[in-house]
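Here the structure comes first, spelled out in structure tokens, and everything after it is commentary.
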Amino acid sequence: MLSRVANNLCWLGRYLERAENTARLINVNSNLLLDLPKSIVLGWEPLVDIVSDRTAFYTAYDVADEQSVLSFLLFGPNDPSSIVSSLEFARENARTIREIIPREVWEQINELYIYGHENYSKALIRRSRYEFLTEVIESVQKITGILAGTMTHDEGYHFLKIGRNLERADMTTRIIDVRSASLLQETETEQSAFENLQWMSVLKSLTAYQMYRREMRLRIRRPDVLKFLLLEERFPRSLLHTLQEVDKCVQTLPHFDATKSEIEQVEKLLMSANPQSLIQDKLHQFIDDVQLGINQVFVKLEETYF
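Numbering (full-length UniProt numbering), first residue to last: 1 to 306.
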């Protein structure tokens, strides 16, 4: 397979996953508004930290309020990770490999791109936000399903899965790192009473709430949530599962030894984690190390295949 095609497939998987993840993140944060008393101030700036970075944000905006952050995450000109940008990049990657992917997939991606560009302003208004974000999430899930059901599971499909799972792993680490630290602004004394809501929002941001309750059968506690999101290999968005999926795909490719070695290093780091002892400072350092490892996996992929 041509390196250009492999690269485009990998990034197609990443951009579609990124659009879905960002839409869900905004949805969960908006819903959290409804569960908090007025005395608790909901922070929007952490969403910038998860999806992008503050430098890019404050280049275009003066304050991290709801409207500014939403504008940035939906269609921000300085944010290549915004929903509209992700859909645009996904469409461009799909366009250049139309002969590789099923026609239905190209049509769905093109329709989603058009919908995103024409309707993103709906998400700036609370009453129509859910409709837009849900359409993005469900459309990406539909595309993922069509790919799984109609595309030959050859090298090309494996590169697409690698991209999707690396993006998923990256988002999981970002959400755990930022949201576990301070989703709710620390100026309010009542905040501790709503820690349960904070961890519930972490789970919901990764579509993990229902599966957590089913598997763990426990009330929501920080160590249990961390254990589930880091190490539950049966849950598709846990870090261990995403890395195992990348590992399986890589082993179907030629010259996989170097990339597999990098994956095993991150898996080893994960397996050494003790969620009970990961207080915030230790958790932050641990997640930093994991993110560096994930990045190194992608670097090795680029060196070997792209």
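Yeah, the Cβ is synthetic: ideal placement off N, Cα and C, and Gly gets one too. The structure displayed is predicted, hence computed values, not measured ones.
Residue of Gln296, Thr59, Ala90 and Met216 minimising C-alpha distance to leucine 243: Gln296
Per-residue DSSP class, three states only, for leucine 2: coil
Alpha helix (DSSP H) runs wholly inside the region 33-94, at least 4 long, in chain order: 45-51, 54-60 and 66-75
Buried versus exposed, by CB contacts within 10 Å (16 or more), aspartate 170: buried
Residue nearest to isoleucine 26 in terms of C-alpha spacing, selected from Glu92, Trp44, Gln291 and Leu34: Trp44
Nonlocal neighbours in the same chain, by C-beta distance under 6 Å from asparagine 119, ignoring five residues either side: Phe132
Rounded straight-line distance, which links the Cα of alanine 273 to that of tyrosine 61: Tyrosine 61 and alanine 273: Cα-Cα distance of roughly 38 Å.
Sequence-distant residues of its chain with Cβ nearer than 6 Å to glutamate 245 (five each side left out): The beta carbon of glutamate 245 is closer than 6 Å to those of Asn165 in its chain, skipping five residues each way along the sequence.
Proximity winner among Met216, Arg217, Arg168 and Ile176, relative to tryptophan 199 (alpha-carbon distances): Ile176
Rounded distance between the beta-carbons of leucine 74 and serine 82, thought under 8 Å: 6 Å
Rounded separation between histidine 153 and aspartate 247 - CA only: 15 Å
Neighbourhood of leucine 218 by C-beta, 8 Å cutoff - its chain only, sequence neighbours within 5 removed: Asp224
Collapsed DSSP secondary structure at phenylalanine 235 in the structure displayed: coil
Contact set for arginine 168: own chain, Cβ-Cβ below 7 Å, skip 5 residues either direction: Glu17, Arg237 and Thr242
Touching by the beta-carbon criterion (3+ pairs, under 8 Å), the region 205-217 and the region 256-274: no
Distance CB(glutamate 135)-CB(tyrosine 115) smaller than 8 Å: yes
Three-state class that DSSP yields for isoleucine 137 in the structure shown: helix
Arginine 24 and threonine 207 closer than 8 Å at C-beta: With respect to threonine 207, arginine 24 sits close: the two C-beta atoms are nearer than 8 Å.
Pairwise C-alpha distance: leucine 42 and threonine 189: In this prediction, threonine 189 scores a pLDDT of 46, lower than 50, which makes its location untrustworthy; the coordinate-derived value is nonetheless stated afterwards. Spanning the two alpha carbons is a distance of roughly 14 Å.
Close beta carbons around histidine 255, own chain, < 6 Å, minus the five adjacent residues each side: Thr304
Segment limits, alpha helix (DSSP H) that includes tyrosine 212: 209-216
Same chain only: Cβ atoms within 8 Å of aspartate 289, ignoring 5 sequence neighbours per side: Leu269
Residue range of the alpha helix (DSSP H) that includes aspartate 257: 257-271
Option in Phe235, Leu112 and Pro77 with minimal Cα separation from alanine 94: Leu112
Through-space distance from glutamate 88 to proline 77, alpha-carbon basis: 13 Å
6 Å Cβ shell around phenylalanine 159 - same chain, five flanking residues per side excluded: Ala6, Leu9 and Cys10
Residue closest to serine 205, alpha-carbon to alpha-carbon, out of Leu47, Leu147 and Arg126: Leu47
Nearest-angstrom Cα separation, counted from aspartate 65 out to serine 30: 13 Å
Chain-order list of residues whose beta-carbon lies under 8 Å from that of threonine 172 (same chain, five-residue window excluded): Cβ contact annotation for threonine 172 (same chain, cutoff 8 Å, sequence separation greater than five): Leu206, Leu229, Arg237, Ser238, Leu239 and Thr242, in chain order.
Endpoints, the alpha helix (DSSP H) within which lysine 204 is located: Counted as a single uninterrupted DSSP element, the alpha helix (DSSP H) harbouring lysine 204 occupies residues 195-205.
Serine 201 and arginine 221 closer than 8 Å at C-beta: no
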